[in-house]
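K.L.:
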Amino acid sequence: MSGKYSPRNDEGDHRIKDDDPAAIALLKDEHHRFRELFDAAEDAEGDALVEIAQELCMRLTVHMTIEEEILYPATKPAIGADEINEGIVEHQSAKRIVAELEQLDGTEELYAAKVHVLGEETIHHIDEEDEDLFEDAKKAHADGKIDLDEIGEKLRARQKELYDQLGKTGDVGETEEADANEVERA
Ligand SMILES: [Fe+2]
Ligand SMILES: [Fe+2]
Numbered sequence: 004m005s006g007k008y009s010p011r012n013d014e015g016d017h018r019i020k021d022d023d024p025a026a027i028a029l030l031k032d033e034h035h036r037f038r039e040l041f042d043a044a045e046d047a048e049g050d051a052l053v054e055i056a057q058e059l060c061m062r063l064t065v066h067m068t069i070e071e072e073i074l075y076p077a078t079k080p081a082i083g084a085d086e087i088n089e090g091i092v093e094h095q096s097a098k099r100i101v102a103e104l105e106q107l108d109g110t111e112e113l114y115a116a117k118v119h120v121l122g123e124e125t126i127h128h129i130d131e132e133d134e135d136l137f138e139d140a141k142k143a144h145a146d147g148k149i150d151l152d153e154i155g156e157k158l159r160a161r162q163k164e165l166y167d168q169l170g171k172t173g174d175v176g177e178t179e180e181a182d183a184n185e186v187e188r189a
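Positions 4 to 189 (the working numbering) are the ones given, in order, by the sequence shown.
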């Protein structure tokens, strides 16, 4: 695998291991995709960069939402507030840049720099999750304090729900279909 970030997908705690519970495997798999997309963004410009950035913004938003709604509260009592709070503050920073990018069309002078900084910050954040938070959560799971397989099922279900919602509002075809149904009902 080439690029600046994605070689790490196969290294150390960033690898998906055979004994990773479902929650950890799911989130690491997404971290892998983020490293690949940010590598692709580094080599892209123009419309290609905008397309990659839009996919990143969408996927990061869903990922941060399921972590904050499900993973963070479920693990906080077992692993302590410090790591979780740091994660939340890093998410806040990422959400600010995502919100800015969503207002831009890619022609702006700072567009590529914003994608780059979002990448640097996100990679730092997901590296720490892989190495610290996930490893601590796995210890709590092994000790029977939390169930990361059950949490994994919840993450997957909520992730699907969020992607379905985005599909409905983001896809022109489906929006038209919904309008037609409303007319029928009226
Ligand atoms: Fe996170
Ligand atoms: Fe994450």
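Beta carbons: idealized from backbone N, C-alpha and C, even for Gly.
I need the boundaries of the alpha helix (DSSP H) containing residue 9, first residue and last residue.
P.N.:
Here residue 9 corresponds to residue number 6 of the sequence shown, with the count starting at 1. Segment: none, residue 9 is in no alpha helix (DSSP H) and carries neither H nor E.
K.L.:
Straight-line CA distance for residue 186 to residue 153?
P.N.:
Looking up residue 186 in the sequence shown gives position 183. Looking up residue 153 in the sequence shown gives position 150. For residue 186, the predicted structure reports a pLDDT of 40, less than 50, and the residue's modelled location is therefore unreliable. A value from the coordinates is still provided. Distance between the alpha carbons of residue 186 and residue 153 is about 42 Å.
K.L.:
Going by C-alpha distance, which of 84, 151, 12 is nearest residue 25?
P.N.:
Reading the sequence shown from its first residue, position 22 is the one you call residue 25. It is 151.
K.L.:
Which complete alpha helix (DSSP H) runs does the region 37-90 hold, if anything under 4 residues is left out?
P.N.:
List check, alpha helix (DSSP H) in window: 49-69, 75-82.
K.L.:
Would residue 29 and residue 155 be called neighbours here (beta carbons separated by less than 7 Å)?
P.N.:
Stepping through the sequence shown from its first residue, residue 29 is reached at position 26. Stepping through the sequence shown from its first residue, residue 155 is reached at position 152. Cβ distance < 7 Å, so residue 29 and residue 155 count as in contact.
K.L.:
Is it true that the region 81-95 meets the region 131-143, where meeting means three or more beta-carbon pairs spaced less than 8 Å apart?
P.N.:
Flag = yes, the region 81-95 and the region 131-143 touch.
K.L.:
Any heavy atom of ligand 1 within a distance shorter than 6 Å of the CB on residue 131?
P.N.:
Within the sequence shown, numbered from 1, the residue matching residue 131 stands at position 128. Not so, every heavy atom of ligand 1 lies at least 6 Å from the Cβ.
K.L.:
Going straight from the alpha carbon of residue 89 to that of residue 130, what length do you get?
P.N.:
Here residue 89 is taken as the residue at index 86 of the sequence shown, counted from 1. Here residue 130 is taken as the residue at index 127 of the sequence shown, counted from 1. Approximately 13 Å, taken between the alpha carbons.
K.L.:
Could you tell me whether any non-hydrogen atom of ligand 2 is closer than 6 Å to the CB of residue 30?
P.N.:
As a first step, residue 30 must be located in the sequence shown, where it is residue number 27. Yes.
K.L.:
Between the region 107-117 and the region 49-56, do at least 3 Cβ pairs fall closer than 8 Å?
P.N.:
Touching, yes.
K.L.:
Could you tell me the distance, in whole angstroms, from the CA atom of residue 65 to the CA atom of residue 13?
P.N.:
Mapped onto the sequence shown, residue 65 falls at position 62. Mapped onto the sequence shown, residue 13 falls at position 10. Distance between the alpha carbons of residue 65 and residue 13: 24 Å.
K.L.:
Just mark residue 138 as buried or exposed, buried being the case when its beta carbon has 16 or more other beta carbons within 10 Å.
P.N.:
For this step, residue 138 is matched to residue 135 along the sequence shown. With fewer than 16 other Cβ atoms within 10 Å, it is exposed.
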